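**Q** First the structure, which I've put down as structure tokens, then a few questions once you've had a look.
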Amino acid sequence: MSTKRLQCPECLKGNRATPVKSEEVSTTHYRLYKVCRECGARWSELTKIKMWGGYCFVIAPEFHWDHIGQHRVVWQREHGKLPINYIVHHLNGIKTDNRIENLRAMPCADHRQRHLEEALEERVRILEQQLVEEKQ
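So this is what it looks like as structure tokens:
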């Protein structure tokens, strides 16, 4: 787990603060709880959710990751540890919709197959549309 150089609000020394817990506050922010490694003081900060590749990423100390996909955190807090070679899939395809009812764990191979089939279906739809347009 990564730590950032911060000044402790209690001992006022530049030291390493260790994240110990996080919780979602809104769709754009989460609260990150930290502890001073020198004096043991605890505090929290409102932190903005980071976006990479269309996915939301947060710091979730209980999963021992610096940044982890918010969809993985939501699913694992509800269902427990994600099995090996499984991913968390967004059922509606919206990468920022991390409601538990929109998330499903599935084997990586099934996930790849699902997206391959969706891409092929989309390609067939485009080709069929082009044929219709050429006939007109």
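Okay, so the sequence shown: first residue is 306 according to our numbering, each after it adds one.
C-beta: ideal position from N, C-alpha, C; glycine also.
Predicted model only: the values in this text are computed from it and were never measured.
#1: Take the Cβ of L337 as the centre, count every other Cβ of all protein chains shown within 10 Å, and call the residue buried at 16 or more, exposed below.
#2: Just reading off the beta strand (DSSP E) that A346 is part of, what are its end residues?
#3: Between V393, R428, I431 and L425, which has its C-alpha nearest A414's C-alpha?
#4: Taking the beta carbon of M306 as the centre, do at least 16 other beta carbons fall within 10 Å, making it buried, or is it exposed?
#5: Could you tell me whether the Cβ atoms of K355 and H372 are closer together than 8 angstroms?
#6: For Q434 and E423, I'd like the C-alpha separation in whole angstroms.
#7: Give me the residue from H420, S327, L436 and Y391 with the minimum Cα distance to F368.
#8: List the endpoints of the continuous alpha helix (DSSP H) containing V378.
#9: Using DSSP's beta-bridge definition, name the partner residues of R336.
#10: Mapping the DSSP letters down to three states, classify D371 as helix, strand or coil.
**A** In terms of the structure at hand:
#1: buried
#2: Here A346 belongs to no beta strand (DSSP E), and DSSP marks it neither H nor E.
#3: V393
#4: Confidence at M306 is low in this model, with a pLDDT of 41, below 50, so its placement is unreliable and no value can be given for it.
#5: yes
#6: 17 angstroms
#7: S327
#8: Q375 to H384
#9: E328 and L351
#10: strand
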